[in-house]
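Below is one structure, written out as structure tokens, with a few remarks after it.
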Amino acid sequence: MLKYIVKRILIAILTLWVIATVLFGLLQLMPGGICDRAKLPAEVCDNVEAQYGLMDPLPQQYARYIGNLLQGDLGTSLKVQPSAPISEIISSKIVVSMSVGLPAIILGVSVGLFAGIGSALKRGQWLDNGITVLTVLGIAVPSYVFATILQYVFAFKLGLVPIIYSASNMLSMVLPVFALSLYAISAVTRYMRTELVEVLGSDYILLAQAKGLKHNTVIWKHAIRNALIPVITVVGPLSMSILTGSLVIERIFGIPGLGNVLVNAINSSDNTLTLSLALFYAALNIAIILVIDVLYGIIDPRIRLGGGK
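Residue 739 is where the sequence shown starts when you use this note's numbering, and the numbers rise one by one after that.
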């Protein structure tokens, strides 16, 4: 198991290095920059660029860039928050985004798993049909549409929760968390139902039942465990889509999270901040995939024994 985990970590580090290198190249090619040469004298722009090391040869800039990344230094914001360290901007805003994103992931995965299991076990009955209809709606309708409807009904009309997010009011998190989790609930429910129905009809489940094993043992110890492996595959991308999908939700509910920073960085052409946020999201995605790979090895030992050498 240790070799399996170490191998996955090394692959993750290599992938992150490739992404960082590509982003560095894009930074050199993107229009605009730290200084607007159309409005300011060339001498002023030269001094500013020299201060930030932009006049150095590209290999030297790249070496400094990678060295700073290894120390957790993502550079400084040039326009959104001038001279502010990007690492500090991310650390202060990610807490707000995670306070909405993590509960949405937990709610989406847990409710989706139980709904999928219930739908598979009651296949063809009214419960299965009802869950299937709700699942189709949850996948077809975008989260921002649900967010607007929830905001209008429960906040504006009924007044049960605040319309706009407030860090001092926990109730203001209810609607954005629920809006973000709806797609995850629907997707996990769909995959869990499909996989569990297929597993329940497999030969080894029929054999276990023929041997006289208790129904609950067959379901929870054998069927669900094997059905979870394909489902875990989609949990990683779903988790990332929730965190990045919060860009729109943050706008709707006025959440001062990382999504707002990214939108402002793009609008103001703060290239350094934009690409640093892209690198952060890539690292977050790689970390999620790494966790999923480790869970594979835990749930199914054949995976780590076959591919972990």
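Using N, Cα and C, we set each Cβ at its ideal position, and we do this for glycine too.
In this structure, the alpha-carbon of Leu-981 lies about 9 Å from that of Ile-843.
Excluding five sequence positions before and after Met-768, the CB atoms of its chain that fall closer than 6 Å to its own CB belong to Asn-1009, given in chain order. Burial check for Ala-878: the Cβ neighbour count within 10 Å stays below 16, so the residue is exposed. Between Ser-857 and Thr-814 the beta-carbon gap is near 51 Å, outside 8 Å, which marks them as no contact. By the 16-neighbour rule on beta-carbons within 10 angstroms, Ala-788 is exposed. The beta carbons of Ala-917 and Ala-948 sit no closer together than 7 Å.
Pairing Ile-993 with Tyr-903 gives a Cβ-Cβ distance under 7 Å.
Taking 4 residues as the minimum length, the alpha helix (DSSP H) runs contained wholly in the stretch 868-938 are 881-888 and 912-938, in order along the chain. Along the stretch 969-1005, the beta strand (DSSP E) does not occur as any fully enclosed run of 3 or more residues. Look at the beta carbons and you see the stretch 747-754 touching the stretch 1010-1027: at least three pairs across the two are nearer than 8 Å.
Listed in chain order, the non-local C-beta contacts of Leu-845 below 6 Å within the same chain comprise Ser-919, local neighbours out to five positions each way being set aside. If you check the CB distance, Leu-888 and Leu-913 come in under 7 Å. Here Val-937 has Ile-943, Ala-961, Asn-964 and Ala-965 as same chain residues with Cβ atoms under 7 Å from its own Cβ, once five neighbours each way along the sequence are excluded. Within its own chain, the residues whose Cβ lies closer than 6 Å to the Cβ of Tyr-929, once the five positions on either side in sequence are excluded, are Val-969 and Val-972, listed in chain order. For Gly-995, the closest of Pro-797, Pro-823 and Ile-827 by C-alpha to C-alpha distance is Ile-827. Pro-841 and Val-915 have their C-alpha atoms roughly 6 Å apart.
Taken atom to atom, the span from the alpha-carbon of Ile-987 to that of Gly-876 is near 16 Å. If you ignore the 5 residues before and after Asp-866, its C-beta comes within less than 7 Å of the C-beta of Ser-857 and Lys-860, all in its own chain and listed in chain order. Collapsing the DSSP output to three states places Pro-795 in coil.
In the three-state reduction of the DSSP assignment, Pro-820 falls in the coil class, being assigned neither a helical nor a strand state.
In the DSSP assignment, Gln-809 falls outside any alpha helix (DSSP H) and carries neither an H nor an E.
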